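Below: one structure, written as structure tokens.
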Amino acid sequence: MFADSVELTVSSGKGGSGCVAFRREKFVLNGGPNGGDGGKGGDIWFRCDNNTHTLSHFQRKMHIKADNGRHGEGSNCTGKSGAKKVIVVPPGTQIIDAETGEVLLDMVEDTQEVKFLEGGKGGLGNTHFKSPSNQRPTYAQPGQKGETRTIKLDLKLIADVGLVGFPNVGKSTLISTISNARPEIANYEFTTLTPKLGQINIGDYESFVMADIPGIIGGAHEGKGLGIKFLRHIERTKTLLFMVDLASYRDLKEQIEVLKDEVASFSEKFETSKYAIALTRADIVPLEDIENLVTNFIKMSGVTPSKQSEFDFDTALPYFIQQSADETLGFEREKPYFIAPISSATHKNIDPLKYALFNLVQSDRK
């Protein structure tokens, strides 16, 4: 079961109490104090692990505690320190204060470890309180209490490209075609109920990650449909691929405007994201209609491409209009990087789409 948000309480361990003890041995008269110190309480740590992909294992854990320190003992024996508690989370997890909403930690890198709560100090044994005027101290320090905080764990998947589109527009089909992801695919809306990640390989040594989220409908940022719940999973992406259905009853201009408005209303971060547009289901639209639709759509988008690539396919889908990924050569961030009619079913323009997305991702990595 996928879970991307949980609330829980975490507590570091309490320090052990110091010991009150006196030396007692044969032939030793009036042995002095020798009570040992208490052990330190266990710390709370967070560790990021690529092998973890959900927060579902936290749903039944309302309170996570580190071990307490052991009490000190006689003969100046210090109590054992409490073991630290390591909480393993998937990459992209934010640790948020449940009361203030402040982001306390952002775990994004594999093997990243951060101490979150310090365990309580152990109390001093009575051997620390001996003095010429007090040679028989009969008291020791109690251990300090650990820290307790109520937090919220929010998972935001880390991907290079985020897919955005209406329900049943072909997002899952595309990501299953070009990546190792295997989402559920069916001919009805909201087939995708949880986010999916797919790795797209470019040759032997290069790759990028694509995120598929449930379809977005008008009013998604106000809570309609499933999109609002998962839009945050593409909030970290710097590149968005808007998928617009050529065969939909909705006008192409209406589709792209609704999608752009919804993501911009959800987060200001999307207003500065680079984006591209894929026109899906090109295999079921007559070629002459594709030409008219794409030409009008390009004019509506205001793209003046610095390069036009034409690809000679068996059924001729030549329209793959793109700008340069290098901003010094005229890339306009507020306009789509490319507009391409594609067909995941027949693989038309899929390879050009994959390489164009990789070029755009590479421009962000520089």
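Take any residue in the sequence shown, count from 1 to its spot, add 697: that is its number in this note's numbering. For each residue, glycine too, the CB sits at the ideal point set by N, CA and C. Note that the structure is predicted; figures quoted are calculated from it, not measured.
In this structure, what does DSSP give as the bridge partners for Y972?
-> L937
Nearest CA to the CA of N731: which residue from V941, R721, K737?
-> R721
What separation, rounded to the nearest whole angstrom, lies between the Cα atoms of A780 and G713?
-> 13 Å
Specify, as a first and last residue, the run of the beta strand (DSSP E) that M759 falls within.
-> Segment: none, M759 is in no beta strand (DSSP E) and carries neither H nor E.
Backbone secondary structure at V800 - three-state DSSP = strand
Bridge partners - E965, DSSP secondary structure assignment | In the DSSP output, where bridge partners are listed per residue, E965 has none listed.
Whole-number beta carbon distance between G817 and G912, since they are thought to touch under 8 Å | Wrong, their Cβ atoms sit about 50 Å apart, outside the cutoff.
Mind checking which residues open and close the alpha helix (DSSP H) that includes I995?
-> 984–998
In the structure shown, what three-state DSSP assignment does P1049 receive?
-> helix
First and last residue of the alpha helix (DSSP H) that includes L871?
-> 868–875
Name, in chain order, the residues that DSSP records as bridge partners for P1038.
-> L976
Inspect the beta-carbon positions of R846 and V707 and report whether they are closer than 7 Å.
-> yes
What's the C-alpha gap between F1055 and D901?
-> 14 Å
Can you tell which of L976, L850, Q952 has its C-alpha closest to the C-alpha of C745?
-> L850
Name, in chain order, the residues that DSSP records as bridge partners for R744.
-> V785, E810
In three-state DSSP terms, what is L1054?
-> helix
Close Cβ partners of K935 (< 7 Å) along its chain, the five nearest in sequence each way excluded = S970, K971, D1061
Is the stretch 864–873 touching the stretch 1037–1054, taking contact as three or more C-beta pairs under 8 Å?
-> yes
Proximity to Y946 [Cα-Cα], best of M907, V982, D958 | V982
Where does D1011 land, buried or exposed, given buried means 16+ other C-beta within 10 angstroms?
-> Low per-residue confidence applies at D1011: pLDDT is 41, beneath 50, and the placement is therefore not dependable, though the value from the model is reported in the following sentence. That one is exposed.
Spatially closest choice to T824 from G769, N993, H1044, by CA coordinates | G769
DSSP beta-bridge partners of A908 = G859, L894
Near N778, which residues of its chain fall below 6 Å by C-beta distance, leaving aside the five closest residues on each side in sequence?
-> First, the residue type needs correcting, since residue 778 is Ser and not Asn in the sequence shown. For S778, where only same-chain residues beyond five positions count, the Cβ hits under 6 Å are G736, K737, G766.
Taking Cβ to Cβ, would you say L956 is nearer than 7 Å to V861?
-> yes
Cα separation between G715 and T835?
-> 11 Å
The beta strand (DSSP E) enclosing L928, as first and last residue numbers = Where L928 is concerned, there is no enclosing beta strand (DSSP E), given that its DSSP letter is neither H nor E.
For G840 versus S709, is the C-beta distance shorter than 7 Å?
-> no
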